[in-house]
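Q: Here you go, one structure.
Number of protein chains: 2
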Amino acid sequence: MSSDAPAESNVDVLIIGAGPAGIQHPTTASWPRTRIIDKRNTKIFCGQADGLQCRSLEIFDSLGFGDRAWKEANHMIEICMWNPGADGVIRRSDRIPDTIVGLSRFQQIVLHQGRIERFFLDNIKKYSGDTIKVERGVLPESLEIDMDKVEDDAAYPVKVKLRILSDEEATPPQAQSGSKVKASDGLFRSNLGMEDDEEDLIRKSKARAGESEVVNAKYVIGCDGARSWTRRTLGFELDGEATDFIWGVMDIIPVTDFPDIRMRCAIHSASNGSLMVIPRENRLVGLYIQLKEVTPDASGRADRSKITPDFIFSAAQKILAPYKINYEYCDWWTAYQIGQRVGTSFDAERRVFLAVDAVHTHSPKAGQGMNVSMQDAFNLGWKVGLVAKGICKREILSSYQSERRRVAQDLIEFDQKFSRLFSGRPAKGVMDAEGVSMEEFKEAFLKGNMFTSGLSVNYGPSCIVVKPGDAAEQGDGSEKTKKLVATHAITPEEFQRKQALASGLPVGMRVNSFRVLNQACARPWHFQERLKADGRFRVILFAGNILNPGQKERVDKFCAQLDAPGSFLRRATPSGKPIDTVVEVLTIHSAKRVETELLRDFPEVLHPFDEHVGWDYNKVFVDDESYHEGYGNAYKNYGVDRERGCVVAVRPDQYVGWMGELEDFAGLEGYFAGCLVLRG
Amino acid sequence: MSSDAPAESNVDVLIIGAGPAGIQHPTTASWPRTRIIDKRNTKIFCGQADGLQCRSLEIFDSLGFGDRAWKEANHMIEICMWNPGADGVIRRSDRIPDTIVGLSRFQQIVLHQGRIERFFLDNIKKYSGDTIKVERGVLPESLEIDMDKVEDDAAYPVKVKLRILSDEEATPPQAQSGSKVKASDGLFRSNLGMEDDEEDLIRKSKARAGESEVVNAKYVIGCDGARSWTRRTLGFELDGEATDFIWGVMDIIPVTDFPDIRMRCAIHSASNGSLMVIPRENRLVGLYIQLKEVTPDASGRADRSKITPDFIFSAAQKILAPYKINYEYCDWWTAYQIGQRVGTSFDAERRVFLAVDAVHTHSPKAGQGMNVSMQDAFNLGWKVGLVAKGICKREILSSYQSERRRVAQDLIEFDQKFSRLFSGRPAKGVMDAEGVSMEEFKEAFLKGNMFTSGLSVNYGPSCIVVKPGDAAEQGDGSEKTKKLVATHAITPEEFQRKQALASGLPVGMRVNSFRVLNQACARPWHFQERLKADGRFRVILFAGNILNPGQKERVDKFCAQLDAPGSFLRRATPSGKPIDTVVEVLTIHSAKRVETELLRDFPEVLHPFDEHVGWDYNKVFVDDESYHEGYGNAYKNYGVDRERGCVVAVRPDQYVGWMGELEDFAGLEGYFAGCLVLRG
């Protein structure tokens with residue numbers, strides 16, 4: 001079937017790399033036409049587990065499968081710190097909760113990466129039918145951006161040539177070890193592993209005819225790993241350094257008398273290095289083991305041949321002594337050299353985007369690997385999706401770099417500090433300046449817990465976050481961001497006044513969750529459950545005390561403006577579609593539920609009528625006590641006045657974009673005019 | 001492929017009828033060889049929804065899919081009572097919680113029967129692989145019990161001849177209506193529908209050759225409906241009467257201004273009859289509508305031809321006036337005549353059992369239809385399963401009738417009272433003796449809520465419930481039960497003394513659930529989550545204050561007896577199998593978690609060691625505060641002394657069978673000797 005000109009086709013989004021972050025993108029409802037390619041012919045990371053932090057679980061929940069992860073995973077509840085005593089023998093010195101109490105309705109859990117990929121793939125199938133499938137054994141060969149068309153909404157300016165590999169070419173090599181361990185290893189993707197093999201694969205593949213294809217894409221997302229082909233092709237760099245610290249990882253079923261093997265443990269031995277224990281599901285435990293007996297050579301690279309499961313495990317045994325540990329079953333193992341790097345640029349022309357390892361690499365011990373990556377994807381996904389569909393303006397795409405490069409930089413800084421403290425020798429006393437103080441380590445852990453939860457992220461000003469300041473100050477500091485990110489004009493004083501209307505909902509941060517009741521049926525919901533990742537913006541109307549006639553008048557007036565023919569809400573809605581297609585209005589009021597009636601007390605736009613199926617009963621909620629699940633106290637927790645309420649605009653990824661008084665309809669309209677394509 | 005002698009084979013269990021209760025039986029791990037047959041060639045009850053009560057959800061959870069039901073269902077939170085005011089116009093007179101607060105960790109929900117069947121079928125697949133499949137279009141033709149072999153454990157004394165139907169024969173007839181409604185109806189299975197068609201089907205099928213087969217079963221379970229072929233073949237009766245009350249059911253998406261359409265409502269109109277509103281998932285609402293304009297004729301049968309969706313709906317509109325209601329979409333409709341009947345006998349020779357509609361029929365309005373049926377199946381399932389596998393003695397099978405016929409009788413009584421109150425005309429005042437007092441109705445509702453939750457069930461004495469009294473007193477009162485049910489000898493005084501050791505765990509009732517923490521990893525669990533329906537009995541050791549040396553000595557002594565070579569635990573365990581195969585020992589202690597160590601403070605039998613996978617970390621729990629999920633206060637709630645603890649034996653269906661002091665090892669051993677087959 002060979003021919004001279006390869007087949008050519010158009011697609012809205014091309015995703016390169018089918019790892020967990022790559023396949024996350026098209027997992028929400030109404031995603032544009034997409035193809036996902038991966039050079040490997042099979043899912044390969046069979047053994048690896050990941051810690052899932054609070055924010056990742058909130059994201060999973062918004063995608064509809066938080067409960068599946070929660071049910072299958074091991075829950076990590078407590079961190080035990082083990083340090084050498086005066087006699088040099090390790091003993092438990094501290095216990096702290098693994099997740100800060102009260103931070104989120106979820107706590108950190110640990111789950112097999114394969115299961116997480118399964119949840120994403122199930123969602124792709126659920127929402128795309130069979131129109132989006134991962135195409136394996138497909139490799140990008142070239143990428144060109146047509147600079148004349150990058151600002152043309154209708155164009156497909158990114159031309160990518162693909163090569164279809166043979167089965168043999170697409171099968172990843174597995175390192176062979178002489179050990180008793182039959183488990184698969186992850187060295188081939190570790191930074192101790194071989195160089196990437198794209199060039200070699202392309203050369204081989206070219207010997208066969210007719211095995212290539214050209215795709216013209218509106219947008220390309222490169223999720224193709226730390227040695228990202230996409231990044232290298234764009235000519236972007238990863239800035240940063242490798243350290244001398246080398247660690248091994250083994251996921252085993254331990255047979256041991258160590259008492260805290262089912263706790264997350266940070267263990268510093270006196271002189272044999274450090275070890276972290278991460279208990280997993282199904283009796284498995286992940287051990288992260290410092291390998292003090294192997295160091296990088298002059299070129300900065302470690303000798304990979306020495307690193308075997310037996311070598312790694314014997315290091316673990318020394319650190320854990322006098323406790324005994326052994327195993328019969330090993331699920332997976334790898335080794336890596338700690339290093340921290342961040343990409344110089346996260347996108348090219350707002351047409352080609354880099355995510356995950358392609359723009360930040362760091363050590364896995366802080367449990368951030370998959371979490372930050374998924375948050376990258378969650379940030380980028382809705383933006384590309386809504387722009388490709390013509391719902392959002394292209395301007396919002398610049399906020400990907402300004403928002404996520406800042407997070408990547410923070411992560412790298414945290415990881416540098418944490419790795420140093422964890423890999424260092426414990427101080428023998430206050431005078432031991434070269435050793436690491438265990439008090440300092442504990443402090444770093446406690447502080448780090450807030451950062452690693454993913455809930456301290458606070459996005460800077462942009463067209464989708466109305467804040468004072470400029471991108472250079474609160475964004476990633478790059479010249480590019482400074483130039484490209486459009487912001488709304490707002491003075492610090494004005495901002496402070498608005499922010500005070502809902503002090504528990506900081507602009508730029510994710511909407512925290514408290515229980516509210518459905519007005520029509522009294523069912524309690526965690527409010528975040530109503531903020532599904534379906535690509536819709538939301539207006540939250542804190543309607544206050546709706547039974548007070550003065551307040552009712554304010555609510556009626558606000559709703560009349562929302563409902564008016566030329567309102568942003570009407571103009572954002574595609575003709576013939578329901579009024580909640582692009583922006584959904586949700587209400588939380590503070591009057592007593594039993595004294596209030598949905599149809600009597602609330603304007604129609606808050607519970608729209610449909611002639612086929614009647615009133616919408618799922619948009620008005622009340623801050624009141626439930627029969628069975630306590631009292632969420634939402635107004636108090638969100639810091640909103642119970643009488644007067646306020647209005648909050650929320651992005652599709654649950655981040656607060658704007659807030660104001662009920663009278664500030666112009667401000668609300670301005671927010672949406674800045675990011676949505678409004679008709680008419 | 002015809003031959004003269006039909007194929008003949010053996011099977012442990014043959015289940016006749018693949019409704020929800022039929023397919024529930026083989027949904028747990030390690031179920032014996034089973035076949036499930038159904039005369040219909042397809043699942044047919046496409047539209048019907050069911051209320052799932054607390055106990056049903058606890059059962060679902062023990063089977064592993066409570067979360068799926070909880071997530072997909074509509075949650076019913078509140079009941080609103082509507083009655084005529086002085087002007088004869090209906091108005092809301094009361095609100096009460098739909099589930100009694102604090103009763104269970106679940107509340108009543110409503111879900112499509114098709115989804116519930118799906119959960120069961122998924123479980124069958126999960127636990128049986130593909131060895132158990134529903135065989136559709138298969139009809140039983142004859143059933144004979146070989147009386148010489150009924151007490152022989154190794155025998156297959158029930159011979160059932162099966163006929164394999166053609167596709168056409170197995171397709172159920174659908175009533176055709178002249179209405180706009182295209183929805184399927186359930187009249188063919190209603191008691192207003194046609195007679196069952198087994199004889200007709202068998203006659204037709206016999207015309208074709210080679211379409212029959214003989215199965216020799218150890219046990220047969222008939223779940224084949226109110227006109228059960230199995231029951232009729234055994235010659236057993238259903239005792240009871242039909243009433244004159246006729247009701248229609250419609251599941252629609254309503255377009256209405258009735259304010260409580262998303263609440264469960266009980267509506268009595270002044271003179272147009274009564275209506276119940278049951279809100280469902282996906283905007284659907286089930287309406288249960290009294291049809292005052294159709295009454296049974298002299299023979300006691302109603303004229304079915306008058307009953308159409310339009311007829312039913314116009315009755316609903318009259319009852320709801322002055323509120324307007326309409327619909328475009330109807331999912332399902334049916335009609336039925338209220339009647340209450342209970343089977344005279346629930347089993348034949350403890351070899352053939354009847355369950356569900358085959359032994360009790362009643363009105364659907366109390367929301368008990370599927371619930372009592374599933375509880376029947378849950379009660380019978382483990383008994384048949386464990387006896388068929390040679391783990392339990394045949395004696396336990398008599399308790400199916402003594403336990404479940406009592407419940408069926410209570411249900412019938414409740415339903416008679418409730419139906420009378422609900423179908424009666426509301427009283428016009430205190431002098432209106434013929435009318436129903438709305439106060440009395442509310443009282444009945446409140447009391448009924450405890451009964452309908454399924455949590456008031458308290459099983460009488462038998463070999464698996466150690467209680468004073470005899471079967472005639474606390475069982476179903478039948479001569480058969482009196483004769484067959486073996487009981488343990490215990491005086492009322494002795495029983496009272498034992499029961500006082502755990503006053504919150506009444507012997508004969510299900511184990512309530514409170515949060516406890518896993519000692520090894522600090523994870524909070526609802527204790528019921530550890531009582532999975534995997535066919536295992538459990539010993540719960542309330543170990544008390546294990547850090548008190550005197551108490552530790554008591555625990556050590558108890559454990560030494562458990563662990564001794566000739567103990568019931570060792571004798572119950574098949575040779576070469578883990579010690580927790582038949583009876584699992586779970587511990588809850590009351591010392592501080594952080595002061596206690598699993599490996600240091602607890603005898604090995606409480607956390608058994610395995611040379612391949614190490615210690616068992618999932619059997620010892622502590623009554624202590626959690627970081628994120630509060631304090632379960634289990635000792636207080638179970639009414640157990642925090643210092644001295646006690647021992648409780650729990651059946652595979654979570655019912656308490658026995659309790660005693662730690663010193664009463666003989667009592668515990670006696671309990672298990674009475675129901676388990678002990679080796680040696």
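Residue numbers (the UniProt record's numbering), protein chains in the order written: chain A, 1 to 680; chain B, 1 to 680.
Note that CB positions come from ideal geometry on N, CA and C, so glycine has one too.
A quick note: this is a predicted structure, and the numbers were derived from the prediction, not measured.
Below 6 Å CB to CB, which residues in the same chain sit around ASN10/B once its five sequence neighbours on both sides are set aside?
A: TYR156 and ASN216
Q: Would you please verify whether the beta carbon of HIS526/A is less than 8 Å from any beta carbon of chain B?
A: no
Q: Skipping 5 residues on each side, what residues in its chain have a beta carbon closer than 6 Å to that of PRO608/B?
A: ILE579 and ASP616
Q: Taking the continuous beta strand (DSSP E) assigned at ASN548/B, which residues delimit it?
A: Looking at the DSSP string, ASN548/B is not in any beta strand (DSSP E), and its letter there is neither H nor E.
Q: Would you please verify whether the beta carbon of ARG523/B is less than 8 Å from any beta carbon of chain A?
A: yes
Q: Between LEU662/B and chain A, is there a C-beta pair that is closer than 8 Å?
A: False, the Cβ-Cβ gap to chain A never drops below 8 Å.
Q: Whose C-beta lies closer than 7 Å to the C-beta of GLN176/B among residues of the same chain, with five residues either side of it excluded?
A: Its pLDDT being 38, under 50, GLN176/B is placed unreliably in this model, and the coordinates cannot settle the point.
Q: Using CA coordinates, which residue listed in PRO6/B, ARG55/B, ARG40/B and ILE16/B is at the minimum distance from ASN512/B?
A: ARG55/B
Q: Could you pull out every residue in the same chain whose Cβ sits closer than 8 Å to the Cβ of VAL214/A, ignoring the five residues on either side in sequence?
A: For VAL214/A, where only same-chain residues beyond five positions count, the Cβ hits under 8 Å are PRO6, ALA7, GLU8, SER9, LYS159, VAL160, LYS161 and LEU162.
Q: State the start and end residues of the unbroken alpha helix (DSSP H) segment that holds LEU354/B.
A: No alpha helix (DSSP H) contains LEU354/B, which is instead part of the beta strand (DSSP E) from 352-354.
Q: Mind checking GLU595/B: buried by the 16 CB within 10 Å criterion, or exposed?
A: exposed
Q: Would you tell me roughly how many angstroms separate the C-alpha atoms of LEU501/A and MET659/A, rounded to the nearest one?
A: 8 Å
Q: Return the first residue and the last residue of the alpha helix (DSSP H) that LYS636/B is part of.
A: 634-638
Q: Does the distance from the C-beta atom of ASP12/A to that of ARG33/A stay below 8 Å?
A: yes
Q: State the DSSP-derived secondary structure class of ALA155/B, mapped to helix, strand or coil.
A: coil
Q: Need the endpoints of the beta strand (DSSP E) that GLN290/A sits in, please.
A: 285-290
Q: Tell me which residues of the segment 104-120 of chain A have at least one Cβ-Cβ distance to chain B shorter than 7 Å, keeping chain order.
A: GLN107
Q: On the three-state DSSP scale, how would you describe PRO574/B?
A: PRO574/B falls in the coil class under three-state DSSP.
Q: If you count every other CB in all the chains shown that lies within 10 Å of the CB of PHE665/A, and 16 or more means buried, which is it?
A: buried
Q: So ILE312/A is in the alpha helix (DSSP H); what residue range does that whole segment cover?
A: 309-320
Q: Look at the alpha carbon of GLY680/B and the alpha carbon of ARG571/B, and state the distance between them as a whole number of angstroms.
A: 7 Å
Q: Any idea if GLY667/B is buried or exposed, counting beta-carbon neighbours within 10 angstroms, 16 or more meaning buried?
A: Label assigned to GLY667/B: buried.
Q: Per DSSP, which one or two residues make a beta bridge with GLU135/B?
A: ILE37/B
Q: Can you list the residues of chain B that THR256/A reaches, using a CB-CB cut of under 7 Å?
A: GLY614
Q: Thinking C-alpha only, which one of ALA649/B, GLY504/B and PRO652/B is nearest ASN633/B?
A: GLY504/B
Q: Less than 8 Å between CB atoms is the rule here; does TYR617/B satisfy it with respect to chain A?
A: yes
Q: Provide the residue span of the alpha helix (DSSP H) that contains LYS383/A, from first to last.
A: 369-388
Q: Shortest alpha-carbon distance to ALA533/B belongs to which of THR99/B, TYR127/B and ASN74/B?
A: Of the listed residues, the one whose Cα sits closest to ALA533/B is TYR127/B.
Q: Only counting runs of 3 or more residues, tell me where the beta strand (DSSP E) segments fall wholly within the segment 203-279 of chain A, in order along the chain.
A: 212-222, 238-256, 264-268 and 274-279
Q: Taking the DSSP output, what are the residues bridged to MET80/B?
A: With the sequence shown as reference, residue 80/B is identified as Cys, and Met is not the correct amino acid for it. CYS80/B pairs with ARG95/B and CYS265/B.
Q: Quick one: give me the first and last residue of the alpha helix (DSSP H) that TRP70/A is part of.
A: For TRP70/A, the enclosing alpha helix (DSSP H) stretches over residues 66-72.
Q: Going by DSSP in three states, GLU195/B sits in which element: helix, strand or coil?
A: Here the model assigns GLU195/B a pLDDT of 49, short of 50, so the residue's position is not dependable, and the following value carries that caveat. Three-state DSSP puts GLU195/B in coil, outside helix and strand.
Q: Taking a contact to mean a Cβ-Cβ separation below 8 Å, would you say LEU598/A touches ALA520/A in this structure?
A: Going by C-beta atoms, LEU598/A is nearer than 8 Å to ALA520/A.
Q: What residues are listed by DSSP as bridge partners for ARG515/A?
A: HIS526/A
Q: Determine the burial state of ASP310/A: buried for a count of at least 16 other Cβ atoms within 10 Å of its Cβ, exposed for fewer.
A: exposed
Q: Counting pairs of Cβ atoms below 8 Å between the segment 73-86 of chain B and the segment 262-274 of chain B, do you hit three or more?
A: yes
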